[in-house]
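Residue numbers (my numbering), protein chains in the order written: chain A, 1 to 507; chain B, 1 to 478; chain C, 1 to 326. This report concerns only the one structure given below.
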Amino acid sequence: MKLTKALCCALTGLLVPAFLSGCFGGGGNDNGGGNGNIPTGPLDDGDLVYDENDNIVYNGVELKMWSVTTGDDAVVQDSIIAKFNELYDGMIRVTTTHTSRYDLETLMNTTMQFDRANAPDVFFSHGSRAGEYVDKGWLLPIEPYMEKAGIAVDKDDYVEALLDASSVNGHLYGLPQDVHSAMVVYRADILEKNGLEVPSNYKELIATCEAAIDLAKAGNLWIRGENSSGIPATEWRKAPVSTAYEPFPMAYGDMWVHEFVGFTAAVQNGATFVAEDGKPAWNSDEAAEGLQVLRDFVMPSDNSENKYALTKEYGSEYDVGNAPLRMGNSIFKFLGPWEYAKDLTEYGRLLSDDGGADNIGTMTVSNLFAKDTTKEYANKIKGEGHAFMLMETVTSRTKQCAAMVFADWMVNNAGVEWAKRGHLPSLKSVENSSEYRDDPAYAQYISKWGSCDDYVVMPSTKYYSYVDKYFKDSVQQAMSSQFKNSAVKSILQQKYDDCVGYIDLYA
Amino acid sequence: MNDEKISVATARKIYKESNKKIVDESVPGFISLKNIDKIYPNGVQAVYDFNLEVDKHDFVALVGPSGCGKSTTLRMIAGLEEISAGELYIDGVLSNYLPSKDRDIAMVFQNYALYPQLNVYDNIAFGLKIRKTDKKEIENRVFKAADILDLGQYLDRKPKQLSGGQMQRVALGRAIVRNAKLFLMDEPLSNLDAKLRVQMRSEIVRIHGEVGATTIYVTHDQTEAMTMATKIVVMNKGFVQQTGAPLEIYHNPATLFVATFIGTPPMNVLECEYENGALYLGGGLKITLDAQTVRAHDEFMSGKLREVREILSTAETADAAALRNYLLPLGAYKSELNKKNAAPEKPKKQNIIDKFKKKFGFLKKKEPESAEGYIAQLKEMEEQYQAALTGRHPMKVGVRPENLTVTQTDGENVASVNTEIVEILGSEFIAYANGEAGRLVIKSQTPVEAHKTLKVRIDASKIHLFDAVSEQNVAFKK
Amino acid sequence: MKPVRTTTLREYAFKREKLNNRARSAGSLAFFFGPYFICFIMFFAFPLVLGLIMSMSSFTSNSVYPAEFVGFSNFKTVFTNPVMIKDFWSSVWYTIRFALIIVPLCIIIPLALAMLINLKPPGYKIFRACIYLPGIFPLTATGLILLRMFSYHNGFINALFDISVDWFGQTGTAWFMVGLFCIWGGIGGNFIIFCAGLENVDKSLYEASGIDGASPWKRFLYVTLPGIKPQLVMCIFTSLCGYMNLYGQNYILLSNTPDQDSVMTAVFRIQNMLLGSSRSYGYVAAMGIILGLIIAAISAVQMIATKERQGGNKRVSAFVDWKKSQ
């Protein structure tokens with residue numbers, strides 16, 4: 001035992017100095033991460049090759065891209081990229097790896113620290129995070145390289161909010177591709193049968209929902225859908241009087257609510273999220289009002305617009321709207337637009353005897369939470385956008401320019417195919433193009449999701465994770481019955497204090 | 001008292017009035033065991049028909065080889081085992097189902113059973129503390145016991161800091177302070193080394209003299225039984241072989257087993273043949289018996305013959321169990337000597353079907369016992385006893401080592417033997433010798449040398465004659 | 001010319017053989033002990049040393065390596081920074097409170113079950129296996145099943161008893177669920193240890209105490225409990241250490257509880273801070289060390305309380321006095 005102790009001490013004695021010498025000062029790469037990689041002068045030509053017309057020659061350029069899209073989105077994106085590869089066959093080829101966003105951050109972190117050789121060239125992720133990446137020194141600014149590649153970036157054509165989200169100190173670091181948010185799916189057949197209007201704003205939503213509840217109380221509400229009593233799904237029956245009708249199930253456990261609806265409700269009542277210095281700005285009365293709207297939906301009070309609760313209390317459950325909508329026990333639900341295709345198929349099958357997928361409709365969440373619809377922010381929808389970002393590990397000028405060519409082509413040509421997945425284009429010209437508008441899907445549902453101009457995203461800040469997380473916590477607590485005795489404003493204030501506390505700690 | 005038939009209501013009344021204790025004044029002795037049987041759930045019977053009366057202040061030793069049922073009997077008296085049949089009376093009270101703590105007994109275990117986390121004082125005081133005795137009284141009693149046992153300086157120590165002898169004394173102390181009516185000791189000295197054992201033996205006897213409690217002592221060491229007890233019960237295979245005072249058992253053993261079990265070195269047993277009042281052993285040895293012995297022999301044989309004939313006459317109609325119950329004790333009497341001479345049996349390999357049968361055999365309906373085997377055995381016995389009365393028949397003769405005298409003269413009862421080993425004990429010599437009559441152990445006061453030829457005289461008045469069939473002493477005086 | 005060292009042949013042979021003997025025994029020691037030793041260094045000593053270094057350095061978000069040496073300032077921050085105090089120390093307090101409730105339960109329930117099994121009723125081997133079985137199931141899978149079972153609107157339990165309780169949404173019931181989960185899965189280990197311990201209690205002690213007149217409860221107090229004392233001490237120690245480090249159950253069951261501040265245990269809080277950037281590594285390492293010291297302190301208190309007590313000589317002196325008075 002004495003021998004063991006001696007050996008242990010000896011080894012410890014060896015390890016500690018080894019660490020101390022190796023660790024300190026060696027923190028990360030200090031290659032100008034502090035200044036955002038802004039080139040100090042015009043870019044040189046590097047390894048560019050020009051042809052006789054002064055156009056850049058791309059010969060067998062291989063680009064590696066990491067994309068945050070997965071599942072069906074990944075399939076569609078890959079097919080669009082395949083078109084690019086076909087078009088630029090022999091010149092530029094892009095290979096893509098898809099990783100879910102829960103793993104992508106960690107993956108990028110470890111790769112940029114330990115495995116820079118295997119880092120991607122192009123990074124396709126949420127544009128709002130560009131601020132954080134710039135802070136870590138990972139990104140190159142887009143515009144100098146666009147200029148070198150001879151591509152013009154028309155800033156007026158892009159949705160302004162998307163450009164701002166990917167800009168740091170006036171420099172653009174991500175080329176926005178799209179924007180998406182949650183939307184609403186409703187049972188058009190139930191509304192029609194009961195003579196209810198499709199709501200287009202907050203007051204109408206409440207009116208429709210409460211009318212439905214009243215009808216149900218009186219035993220006069222017609223519903224149909226999946227059921228366990230053996231009645232065919234297309235046959236109309238009366239909603240039971242004994243249970244309270246919930247026209248619009250929503251839960252803070254739902255991704256739609258905490259990622260999009262919470263923010264949207266705040267925005268539509270005038271809130272902003274990020275202050276000048278990058279710290280949170282959502283501890284405002286406006287944000288409180290927005291969250292109060294959501295709280296009222298779940299737990300109405302004497303002061304709320306609605307006197308009935310629009311939803312049962314679901315707590316932390318998620319996807320709470322799917323089953324009730326299918327059974328006819330609800331009329332509205334939140335959904336991500338990329339899931340809409342699945343719903344169309346499902347209802348197409350369920351109600352195939354009488355209208356199929358025509359029985360459901362979709363609409364945007366514009367104006368649905370705005371207490372004052374005259375304000376210019378009332379129709380805003382808070383979403384999230386993707387952007388192409390150029391990694392600073394790309395040193396070859398040819399590759400940098402090829403990446404720009406690729407990003408520009410994708411942004412302009414992903415068009416309606418990408419929109420069918422719920423991702424609206426970032427370019428107004430694309431949205432207004434005939435290709436886009438002539439596609440039948442546009443008339444069927446894409447148009448219902450509003451114009452890309454209606455969308456806002458989280459502005460650029462290097463404290464994105466904290467600003468985002470603590471607001472989501474406030475949404476959760478505001479909608480939870482455990483906190484119903486705390487004022488929304490005080491919840492926001494407390495979360496604000498925590499958020500700023502951590503930001504200051506790490507400053 | 002308890003055997004008349006009364007109505008249930010009367011029985012209930014009497015039971016309640018007598019404070020749930022049935023007292024029978026007519027029962028003799030302080031402790032009385034009547035026809036006690038112990039049958040385990042799997043059918044094995046450990047104790048057969050145990051009868052014993054213990055008077056106050058008696059020191060009774062239950063002695064026998066391992067597995068003979070002595071510990072089981074003791075535990076039945078203590079209340080740690082259930083009594084399958086029979087009656088147990090403690091101080092006149094019917095105690096079959098009385099809980100141990102109400103029997104006013106104290107027990108000393110073979111492995112001491114001391115509470116490891118308590119010190120010596122608390123160990124001894126435990127029983128008194130449980131019964132909520134006054135603290136001053138506890139102290140008094142404990143100190144008195146510690147004084148008797150010389151444990152005064154160890155009172156603060158924990159059991160693991162004590163030696164074997166000290167631990168045993170603590171266990172004794174625990175029994176003494178309770179002032180119980182009955183002390184039960186289950187082989188308390190087996191775990192001690194030889195010297196300590198001898199020392200503790202005298203301690204226990206001294207304490208018994210001082211405290212005067214009735215003691216029942218279980219041991220497998222016959223020396224202990226002989227030196228400590230006032231009454232010895234010799235047991236073998238669940239049967240009581242003989243009950244009596246130590247000297248009585250020594251000089252008047254009832255069976256061959258008792259004869260060979262009691263006494264060190266054990267009695268010499270030789271094969272012989274009886275004819276006309278004389279015994280003929282190997283090597284031309286002849287022992288002429290006196291008239292008393294011859295008469296005893298004849299009476300014994302005719303008595304046995306009568307007995308067997310009586311059983312056989314009703315054998316056809318009697319059930320097998322009765323026959324078995326007659327034959328069983330005879331098997332118990334057979335000493336361990338016979339086992340040694342039998343050829344070793346090759347163990348049968350059990351295949352899986354046998355194992356299955358063994359495990360689930362209890363499910364199969366039991367066939368009734370057949371009496372054929374028993375009847376055959378009894379018939380054989382009858383023949384042998386018949387022969388015993390008429391002609392020459394084999395018997396066994398026993399003579400104690402101290403009753404063999406080394407002599408120079410010859411004679412018909414003098415055997416010529418060759419000494420193999422001689423143990424020199426200082427005051428006496430024990431010689432192990434071989435002769436044509438058999439193997440002899442000789443105790444001599446005069447020096448004997450090994451690997452020498454000796455002449456040894458067998459005194460006819462000091463021999464014991466045993467029936468070869470039942471191994472009972474033909475001259476046993478009840 | 002260098003002086004030549006001389007020695008006798010006998011001395012040389014002795015020295016050589018002594019060295020060979022030592023080398024042989026050390027060699028077999030290294031052979032058997034080596035693998036364990038390597039693992040010990042890799043998974044215990046090295047992370048401990050690294051953790052100490054991390055706790056005394058600051059980090060930037062760029063790299064997982066320490067940036068600069070800051071001495072004990074991280075520790076000071078953990079003790080004084082308001083948001084740290086609110087988050088970390090409240091979670092430590094919650095963890096201690098929970099451990100104080102659940103450790104006794106995790107001793108008493110397995111002990112009671114072990115005593116029942118010790119009576120060896122028919123089929124006891126099956127019961128024994130059933131009691132131990134929950135402990136081998138993976139935490140995540142059973143946690144998810146539990147989430148489904150106790151789901152607020154669609155759960156089996158709420159439907160069966162026709163009640164409407166948000167098990168995971170309210171703090172009180174959330175901790176109850178964690179306790180239920182811990183007990184269901186955690187008693188197996190202690191149970192088996194107690195079963196083995198109870199078998200080793202000398203049966204004759206029970207008989208002796210029975211004859212002395214002890215009731216079943218007194219027998220439990222004076223024979224059973226002291227008999228299994230080593231197992232008891234060990235189980236209390238390991239359970240306490242284990243539950244002070246509670247993390248998995250809370251993470252799986254309570255990630256969606258609204259009042260996260262009141263349902264996070266210390267390790268959960270530390271894990272949470274690790275996510276995101278590496279800026280927090282210094283503080284987190286300091287928190288880990290502080291937590292380790294707290295657990296060590298609690299364990300030390302427990303060990304001292306359950307130590308074997310030596311005699312003294314109270315009784316002997318009393319005896320001497322008594323003897324004199326006789």
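Every residue gets a Cβ at the ideal spot worked out from N, C-alpha and C, and that includes glycine.
Straight-line Cα distance separating residue 440 of chain A from residue 316 of chain A: What you label residue 316 of chain A is simply residue 316 of the first sequence in a count that begins at 1. What you label residue 440 of chain A is simply residue 440 of the first sequence in a count that begins at 1. Taking the straight line from one Cα to the other gives about 38 Å.
Nearest-angstrom Cβ-Cβ length linking residue 178 of chain C and residue 254 of chain C, presumed shorter than 8 Å: Locating residue 178 of chain C in the third sequence gives position 178, where the first residue counts as 1. Locating residue 254 of chain C in the third sequence gives position 254, where the first residue counts as 1. Indeed, because the Cβ distance is near 7 Å, the residues count as touching under 8 Å.
Pick from C:67, C:314, C:267, C:257 that is closest to residue 482 of chain A, judged by C-alpha positions: Sequence index remark: in the first sequence, residue 482 of chain A carries index 482 (1-based). Checking every option, the nearest Cα to that of residue 482 of chain A belongs to C:257.
From B:228, B:254, B:227, B:215, residue whose alpha carbon lies closest to that of residue 234 of chain B: Indexing the second sequence from 1 puts residue 234 of chain B at position 234. The shortest Cα separation from residue 234 of chain B among B:228, B:254, B:227, B:215 belongs to B:254.
Residue 16 of chain B, buried or exposed, once every other Cβ within 10 Å from all chains shown has been counted against 16: By one-based count along the second sequence, residue 16 of chain B stands at place 16. Flag for residue 16 of chain B reads exposed.
Any chain B beta carbon closer than 8 Å to residue 218 of chain C: In the third sequence, the residue the question calls residue 218 of chain C occupies position 218. It does: the Cβ of residue 218 of chain C has a partner Cβ on chain B nearer than 8 Å.
Cβ separation of residue 335 of chain B and residue 260 of chain B, assumed to be a contact under 8 Å, to the nearest whole Å: Position 335 of the second sequence, counting from 1, holds the residue named residue 335 of chain B. Position 260 of the second sequence, counting from 1, holds the residue named residue 260 of chain B. That belief holds up - the Cβ atoms of residue 335 of chain B and residue 260 of chain B are roughly 5 Å apart, short of 8 Å.
Meets three-Cβ-pair contact criterion under 8 Å: the region 77–87 of chain B and the region 99–108 of chain B: yes
Positions along the region 231–251 of chain C whose CB lies within less than 9 Å of some CB in chain A: none
contact_flag[the region 168–178 of chain A, the region 386–397 of chain A] where n(CB pairs < 8 Å) is 3 or more: yes
CB contact check: residue 483 of chain A to chain C, cutoff 8 Å: Translated into positions along the first sequence, residue 483 of chain A becomes position 483. Residue 483 of chain A counts as touching chain C.
Classification of residue 324 of chain B by the beta-carbon crowding that lies within 10 angstroms, buried from 16 upward: Residue 324 of chain B sits at position 324 when you count from the first residue of the second sequence. With fewer than 16 Cβ atoms within 10 Å of its Cβ, residue 324 of chain B is classed as exposed.
With 16 other Cβ atoms within 10 Å as the buried cut-off, status of residue 295 of chain C: In the third sequence, the residue the question calls residue 295 of chain C occupies position 295. Residue 295 of chain C should be labelled buried.
Contact belief for residue 278 of chain A with residue 462 of chain A at Cβ below 8 Å, rounded distance in angstroms: Residue mapping note: residue 278 of chain A aligns to position 278 of the first sequence, counting from 1. Residue mapping note: residue 462 of chain A aligns to position 462 of the first sequence, counting from 1. The Cβ separation is near 5 Å, so the contact holds.
N-terminal and C-terminal residue of the alpha helix (DSSP H) that residue 168 of chain B is part of: For this step, residue 168 of chain B is matched to residue 168 along the second sequence. From DSSP, the alpha helix (DSSP H) with residue 168 of chain B extends over 164–177.
Ordered list of alpha helix (DSSP H) runs contained in the region 36–70 of chain C, each at least 4 residues: 46–55
Against chain A: residues of the region 204–218 of chain C by CB proximity under 9 Å: none
For residue 479 of chain B, the residue or residues it bridges with in DSSP: Residue 479 of chain B lies beyond the residue range present for chain B, which begins at 1 and ends at 478; the question has no answer from this structure.
Cα-Cα separation between residue 33 of chain A and residue 97 of chain A, rounded to whole angstroms: Locating residue 33 of chain A in the first sequence gives position 33, where the first residue counts as 1. Locating residue 97 of chain A in the first sequence gives position 97, where the first residue counts as 1. Here the model assigns residue 33 of chain A a pLDDT of 48, short of 50, so the residue's position is not dependable, and the following value carries that caveat. Computed Cα separation, rounded: 26 Å.
Beta-carbon proximity of residue 239 of chain B to residue 213 of chain B, cut-off 8 Å: To locate residue 239 of chain B, count along the second sequence from 1; it is residue 239. To locate residue 213 of chain B, count along the second sequence from 1; it is residue 213. Their beta carbons are not under 8 Å apart, which means residue 239 of chain B does not touch residue 213 of chain B by this criterion.
Nearest candidate by alpha-carbon position, reference residue 181 of chain B, set B:410, B:461, B:54, B:42: Taking the second sequence and counting its residues from 1, one reaches residue 181 of chain B at position 181. Among B:410, B:461, B:54, B:42, the Cα nearest to that of residue 181 of chain B is on B:54.
Unbroken alpha helix (DSSP H) run spanning residue 358 of chain B, endpoints: Taking the second sequence and counting its residues from 1, the one referred to as residue 358 of chain B is at position 358. Unbroken alpha helix (DSSP H) run through residue 358 of chain B: 352–360.
is_contact[residue 162 of chain C, chain A] using C-beta, thresh 8 Å: Taking the third sequence and counting its residues from 1, the one referred to as residue 162 of chain C is at position 162. No - not a single Cβ of chain A is within 8 Å of the one on residue 162 of chain C.
Close beta carbons around residue 156 of chain B, own chain, < 6 Å, minus the five adjacent residues each side: Numbered from 1 along the second sequence, position 156 holds the residue referred to as residue 156 of chain B. If we look at residue 156 of chain B and ignore the five residues flanking it on each side, its Cβ neighbours are 119.
Among A:149, A:76, A:319, A:295, the one whose alpha carbon lies nearest that of residue 485 of chain A: Here residue 485 of chain A corresponds to residue number 485 of the first sequence, with the count starting at 1. Comparing Cα positions, the closest option is A:295.
8 Å Cβ cutoff met for residue 532 of chain A and residue 417 of chain A: Look at the range of chain A in this structure, 1 to 507, and you will see that residue 532 of chain A is not part of it.
Rounded distance between the beta-carbons of residue 420 of chain B and residue 437 of chain B, thought under 8 Å: Counted from its first residue, the second sequence places residue 437 of chain B at position 437. Counted from its first residue, the second sequence places residue 420 of chain B at position 420. Contact doesn't hold; Cβ gap of about 15 Å is too wide.
Chain B within 8 Å of residue 222 of chain C, Cβ atoms only: Mapped onto the third sequence, residue 222 of chain C falls at position 222. Yes - at least one Cβ of chain B is within 8 Å of the one on residue 222 of chain C.
Proximity to residue 343 of chain A [Cα-Cα], best of A:357, A:220, A:384: Numbered from 1 along the first sequence, position 343 holds the residue referred to as residue 343 of chain A. Among A:357, A:220, A:384, the Cα nearest to that of residue 343 of chain A is on A:357.
Burial state of residue 476 of chain A, where buried means 16 or more other Cβ atoms lie within 10 Å: By one-based count along the first sequence, residue 476 of chain A stands at place 476. By the neighbour-count rule (16 or more Cβ atoms within 10 Å), residue 476 of chain A is buried.
Counted within 10 angstroms of its Cβ, other Cβ atoms place residue 400 of chain A as buried (16 or more) or exposed: The residue labelled residue 400 of chain A in the question sits at position 400 within the first sequence. The residue in question, residue 400 of chain A, is buried, as its Cβ has 16 or more Cβ neighbours within 10 Å.
Rounded straight-line distance, which links the Cα of residue 263 of chain A to that of residue 382 of chain A: As a position in the first sequence, residue 382 of chain A is number 382, starting the count at 1. As a position in the first sequence, residue 263 of chain A is number 263, starting the count at 1. Each residue's Cα considered, the two are about 6 Å apart.
Host alpha helix (DSSP H) of residue 434 of chain B (start-end): For the purposes of this step, residue 434 of chain B is taken as residue 434 along the second sequence, with counting starting at 1. Unbroken run through residue 434 of chain B is the beta strand (DSSP E), 429–435; no alpha helix (DSSP H).
Cutoff 8 Å: residue 64 of chain C Cβ touching any chain A Cβ: Residue numbering aside, residue 64 of chain C sits at position 64 when the third sequence is read from its first letter. It does; some Cβ of chain A falls within 8 Å.
Cβ separation of residue 250 of chain A and residue 241 of chain A, assumed to be a contact under 8 Å, to the nearest whole Å: As a working note, residue 250 of chain A is residue 250 in the first sequence. As a working note, residue 241 of chain A is residue 241 in the first sequence. Actually they do not touch by this definition, with Cβ atoms about 24 Å apart.
Contacts that residue 476 of chain A makes with chain C (C-beta to C-beta distance below 7 Å): Numbered from 1 along the first sequence, position 476 holds the residue referred to as residue 476 of chain A. Within 7 Å Cβ-Cβ: 258.
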